[in-house]
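Numbers 1215 to 1368, taken from the numbering used here, label the letters of the sequence shown in order.
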Amino acid sequence: MLLALLWAASFACIMMLNAGLIGNILALATPFLVGKRLATFRTQALYGVISFRRAYAYSLYVFIYASLVFALVQYAYFQFLDNGAFAELITTTMKQVAPVYEQNGVSKEEIKNSMDLITMITPVQWAFMFMMQNLFVGAIISLPIALIGKRNRY
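1. Where DSSP assigns a beta bridge to residue 1264, which residues make up the other side?
2. For residue 1320, does the three-state DSSP call read helix, strand or coil?
3. Closest by CA to residue 1363, which one among 1237, 1266, 1318?
4. Suppose contacts are defined by Cβ-Cβ distances below 8 Å. Is residue 1342 in contact with residue 1285 by that definition?
5. If I measure Cβ to Cβ from residue 1289 and keep anything under 7 Å in the same chain, skipping five residues before and after, which residues do I get?
6. Here's the rule I'm using: 16 or more other beta-carbon atoms within 10 Å means buried, otherwise exposed. How should residue 1239 be labelled?
7. Can you tell me whether residue 1348 is helix, strand or coil according to DSSP?
8. Let's test the definition: count the other Cβ atoms within 10 Å of the Cβ of residue 1237 and tell me whether it reaches 16, buried, or not, exposed.
9. Are the C-beta of residue 1362 and some C-beta of chain D separated by less than 8 Å?
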């Protein structure tokens, strides 16, 4: 739950408060927060001993639950607060980098179709897309967290 709150604060800073630097710092704090939670779990519940496999599973579960809760937060944002601003931000950025796409062989028609598709993405689809990204990144980041957090008996 704590990780979901961290991500929600990061998302709010980036999307609503125009405090992108603070939002990015909060997002980059993710592995440190999960590592701290793992160390607390290892010390309090397991008497200071945890295998790599159990540490990885714990970290992964933290990411899974946080991703689910954060997906609900993002859905609420996209459904009730966004009013298409996020899609507009992406399409504006795509318009600015369109010449680069064209130089790399992407036709103007393909760029326009991509921008049209982005504006048709529903709040559920946005939330699901970010949830899948968080799960994937969480599965990868959990590896070094578990490696650092594991403690053997001897």
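Beta carbons are placed, not taken as given, at the ideal position from N, Cα and C, and that holds for glycine.
So, to answer that:
1. Looking up residue 1264 in the sequence shown gives position 50. BP columns for residue 1264 point to 1365.
2. Along the sequence shown, one-based indexing puts residue 1320 at 106. Reduced to three states, the DSSP call for residue 1320 is coil.
3. If you number the sequence shown from 1, residue 1363 lands on position 149. Closest option to residue 1363, Cα to Cα, is 1266.
4. Here residue 1342 refers to the residue found at position 128 when the sequence shown is read from its first residue. Here residue 1285 refers to the residue found at position 71 when the sequence shown is read from its first residue. A contact, by the Cβ cut-off of 8 Å.
5. What you label residue 1289 is simply residue 75 of the sequence shown in a count that begins at 1. Answer for residue 1289: 1337, 1338, 1341, listed in chain order.
6. Within the sequence shown, residue 1239 is the residue found at index 25, counting from 1. It is exposed - the Cβ of residue 1239 has fewer than 16 other Cβ atoms within 10 Å.
7. What you label residue 1348 is simply residue 134 of the sequence shown in a count that begins at 1. Helix at residue 1348.
8. As a first step, residue 1237 must be located in the sequence shown, where it is residue number 23. Buried, by the Cβ-count rule.
9. Going by chain labels, chain D is absent from the structure shown, which holds only one protein chain.
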